[in-house]
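Report on the following structure.
In the numbering used here, the protein residues as written are 7 to 208.
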């Protein structure tokens with residue numbers, strides 16, 4: 007039985023297997039989503055895995071609720087954070103295949119360490135600094151959707167709307183079944199499966 011998890015936002019729950027696209031404007035709104043999401047995971051005993059881009063892992067640790075002892079959680083590996091330069095942009099470019107292998111390895115390690123759920127978050131603001139074929143991003147998000155459902159994990163992708171072009175926004179709306187908007191998680195009526203997306207994309 008899959009037990010719902012607290013998102014960290016009032017009245018919002020997540021089911022294991024959820025893949026959510028969180029839209030926000032600016033660093034303050036990012037933190038208003040990211041920090042409660044991680045704090046809720048630490049309280050529930052989940053392994054929390056995150057990649058950040060417009061901040062750094064040490065800053066995230068400092069901003070988390072002091073009562074949770076974030077440095078202690080990091081030392082015990084309940085909380086693992088990386089910068090985008092070591093993950094999404096490892097080697098200076100984005101490789102969907104490498105990132106897929108990275109997350110799969112982390113989730114396998116979480117299971118081996120006794121965690122029944124890994125709570126994953128990725129800040130995607132690095133997209134504004136690289137030239138990227140949108141098809142690579144769509145392929146990666148399609149993989150993430152299947153990965154979350156297959157392994158019963160919770161994945162949150164964070165996108166700063168102020169940094170994105172309209173084309174990418176349209177793609178994101180099509181590749182996520184659930185959207186986080188204004189503190190609510192909504193079922194996305196525009197979601198397409200990978201094969202459906204391929205037949206509708208130019």
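Glycine is no exception: its CB is placed at the ideal position from the N, C-alpha and C atoms.
Check your understanding: For residue 100, which of 34, 144, 36, 153 has the nearest alpha-carbon?
Key -> 144
**Study point:** Whole-angstrom distance between residue 88 and residue 13, CA atom to CA atom
**Key:** 21 Å
Review point. So, is residue 177 buried or exposed, given that buried needs 16 or more other C-beta atoms within 10 angstroms?
Key: Answer is buried; the Cβ neighbour count reaches 16.
Review point. Do residue 165 and residue 53 have their C-beta atoms within less than 7 Å of each other?
Key: Taking the C-beta atoms as reference points, residue 53 is found no nearer than 7 Å to residue 165.
Practice item. Less than 8 Å between the CB atoms is what I'm expecting for residue 72 and residue 149, so what's the real figure, rounded? Key: Not a contact, Cβ separation roughly 36 Å.
Check your understanding: Between residue 60 and residue 33, which are expected to be in contact by the criterion C-beta below 8 Å, what is the C-beta distance as a whole number of angstroms?
Key -> That belief holds up - the Cβ atoms of residue 60 and residue 33 are roughly 6 Å apart, short of 8 Å.
Practice item. Could you work out which residue in 50, 46, 114, 160 is closest to residue 16 when comparing CA atoms only? Key: 46
**Study point:** For residue 116, the first and last residue of its enclosing alpha helix (DSSP H)
**Key:** Under the DSSP assignment, residue 116 falls in the alpha helix (DSSP H) whose first and last residues are 102-118.
Point to revise | Residue interval of the beta strand (DSSP E) (run including residue 53) | key: 53-58
Check your understanding: Mapping DSSP to helix, strand and coil, what is residue 77?
Key -> Reduced to three states, the DSSP call for residue 77 is helix.
Review point. Tell me which same chain residues have a C-beta within less than 6 Å of the C-beta of residue 131, skipping the five on either side of it?
Key: 59, 60, 166, 169
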